[in-house]
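Note that the working numbering numbers the sequence shown so that position 119 is 151, with each residue one more than the last. Glycine included, every Cβ here is placed at the ideal spot set by N, Cα and C. Just below is one structure, and these are the notes that go with it.
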Amino acid sequence: MPLFGKRRAAKEEGSLPSTEAGHHRHHGRSPAESYSMSKRPSFGQWVKHTWLDIVTMAIMGALGLGIYFAEPRPARSFAVTFSDGQVVYPQFAYPLRDEVVPIWLAAFLASIVPIVIMAIMQIRVRSFWDFNNAVIGILYSLITAALFQVWVKWLIGGLRPHFLDVCDPDPAKMGNNNGEGFQRLYFRPDICRGEKKLINDALESFPSGHTTAAFAGFGYLYLYLNAKLKVFSNYHPSLWKLALTYSPILAAVLIGGALTIDEYHNWYDIFAGAAVGITMAFSSYRMTFAAIWDWRFNHIPLNRTAPFNYDSYMNAELLHAVATRKAGWGGDGLGHGHHEKHAAGMGAGNAGHHHGMGHHNGLGHQDGVDSSFSGHANGVPANDGFTQPRRPVGGHGDHMV
């Protein structure tokens, strides 16, 4: 079976959130304007719903590249030495060295590695729209973060630790009281004798583009792994899941930390870049998935044309789109116990009357379990005492195409 095989919805009616169905009834929108998250679309359908994002990302990318190659705007002043020859700011006098992690490699790792891992996760998740939302979301994060940081670099900037080395101030231009400020200590970049390209680059240290990209990409992957593996959920997971979930954060920290070895950035540049990147990662993930920390539905990708109904999320199309099979997750049990029964509007007192806990949970009449048992006693977990079968996303096995 292909990873993204086409599937029919789990039910002939109600497979889409109830709010979407109501939207069609009241506004008469054509079915062609919406789509099912349970089925892989044609290329034309995908383009129809994604073209605006593609164009927007292309424009933002082109704008970011233009700003990246532009000369820095501020004429930042800097001090070189005191009258006795002592360097005023030794933190800007480090030698120019080769980068441990070049910026192109940082961007490559922060984008390709998460996408490859999210593709591997589809072995278990098996949903085109889950992978689509994950990739679109990480592109949101990376492109927005990159554009944000190049604007700040261009308009604000700052001195790199090796600035004085690449500037190579001309002593002749530093004499005769050519300086500015108190005791004529400060000068403009026009006293530099170094290569113009290196000087401009050394004037744009704040914030770090390396850490911006690293935390935008790997921070997004961290959120995705947490949601799909249900690390912070309603059961006790294995330690390897915690280690795997935090490995992207380790990768981002290592990329940022390398900048203190090659002296390409100051510590505050690194922290600022990390803040920009992680902010965009969280924002982008929440745009494409139903929640960040709420373990009940932080794994569910959002539909572009229909609002997600949080009150009846148990009917969501991709409720099963997780990579774990523990504690009922990924199967008919859904991993939802006492808390979920009440959160989904399934009061325990009425559970038996309404086919136990509902046919979605595998404990109602359709699965051959006596509904009186399902409705007996408040808070019986949906997967308690039952072995949950693996089940494909979007419907029962007999609905597979």
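Fill in: Tyr317 at chain D interface by Cβ criterion, 9 Å
Judged by its chain identifiers, the structure shown contains no chain D, having just a single protein chain.
Practice prompt. Just confirm the distance between the C-beta atoms of Ser240 and Leu291, as a whole number of angstroms; I'd bet it's less than 8 Å.
Written response: 6 Å
Worksheet item: Which partner residues does Pro201 have in the DSSP bridge list?
Response: Cys224
Practice prompt. Excluding the 5 residues preceding and the 5 following Pro333 in the sequence, name in chain order all residues of the same chain whose CB lies nearer than 8 Å to its CB.
Written response: Met69, Ser159, Trp161, Asp162, Asn164, Asn165, Ala166, Thr320, Phe321, Ala322, Leu350, Ala353
Item to complete: For my contact list, Pro104 and Gly226 are in at a C-beta cut-off of 8 Å; report their separation, rounded to the angstrom.
Response: About 15 Å; that fails the 8 Å criterion.
Worksheet item: Exposed or buried, which one is Leu187 when buried takes at least 16 other CB atoms within 10 Å?
Response: exposed
Worksheet item: Considering only residues of the same chain and omitting the five flanking positions on each side of Gln77, which have a CB-CB separation below 7 Å?
Response: Tyr67
Fill in: Beta-bridge partners of Val119, as assigned by DSSP
Thr113
Worksheet entry | CB of Ile287 within 9 Å of CB of Leu141, strictly | yes
Worksheet item: How close, in whole Å, do the beta carbons of Ala245 and Ala139 come, if the pair is a contact with beta carbons under 8 Å?
Response: 5 Å
Worksheet item: Looking only at its own chain, which residues have a Cβ that is under 6 Å from the Cβ of Tyr345, when we skip the five neighbours before and after it?
Response: Phe329
Fill in: Beta-carbon spacing of Ile170, Ser143 below 9 Å
yes
Worksheet item: Does DSSP put Gly190 in a helix, a strand or coil?
Response: strand
Discussion item. Helix, strand or coil, according to DSSP, for Phe124 in the structure here?
Written reply: helix
Fill in: Limits of the alpha helix (DSSP H) - the one that Ile324 falls within
Note, Ile324: premise wrong, no alpha helix (DSSP H); not H, not E.
Worksheet item: Per the contact definition of three or more C-beta pairs closer than 8 Å, is the region 192-203 in contact with the region 221-238?
Response: yes
Discussion item. With H, G and I counted as helix, E and B as strand and the rest as coil, what does DSSP make of Pro333?
Written reply: strand
Worksheet item: Among residues of its own chain, excluding the 5 on either side of Lys358, which ones have a beta-carbon nearer than 7 Å to its beta-carbon?
Response: Tyr267, Pro269
Worksheet item: Smallest Cα separation from Ile147: which of Ala204, Thr243, Asp116, Gly251?
Response: Gly251
Discussion item. For Gln123 and Pro203, which I take to be in contact (beta-carbon distance under 8 Å), what is that distance rounded to the nearest angstrom?
Written reply: About 21 Å separates the two Cβ atoms, so there is no contact after all.
Item to complete: Going by CA-CA distance only, name the one from Ile91, Val79, Gly309 that's closest to Pro280.
Response: Gly309
Item to complete: Determine the direct distance from the alpha carbon of Lys260 to that of Val182, and round the result to whole angstroms.
Response: 32 Å
Worksheet item: If Phe219 and Val112 are in contact, beta carbons under 8 Å, what's the gap, nearest whole angstrom?
Response: 6 Å
Worksheet item: CA-CA distance, Ile99 and Ala177?
Response: 14 Å
Worksheet item: In chain order, what residues of the same chain lie with their CB nearer than 6 Å to the CB of Arg336, ignoring the 5 residues before and after it?
Response: His81
Worksheet item: Which of helix, strand or coil does DSSP assign to Tyr218?
Response: strand
Item to complete: Note down the Cα distance separating Tyr121 from Ala248, rounded to an integer number of angstroms.
Response: 32 Å
Worksheet entry | Close-in-space but distant-in-sequence residues of the same chain around Val263 (CB under 8 Å, 5 per side omitted) | Leu257, Pro269, Lys273, Leu274, Thr277
Practice prompt. Write down the C-beta distance between Ser237 and Asp301 rounded to the nearest angstrom, noting that I regard them as a contact closer than 8 Å.
Written response: 5 Å
Worksheet item: How big is the Cα-Cα spacing for Asn208 and Lys228?
Response: 24 Å
Discussion item. Let me check one thing: in DSSP terms, what residues is Glu103 bridge-paired to?
Written reply: None; Glu103 has no bridge partner.
Worksheet item: Who are Glu212's beta bridge partners in DSSP?
Response: Tyr218
Discussion item. Between Ala355, Gly289, Thr243, Arg72, which has its C-alpha nearest Trp136's C-alpha?
Written reply: Thr243
Worksheet item: In terms of residues, what are the limits of the alpha helix (DSSP H) holding Thr356?
Response: No alpha helix (DSSP H) holds Thr356; DSSP gives it neither H nor E.
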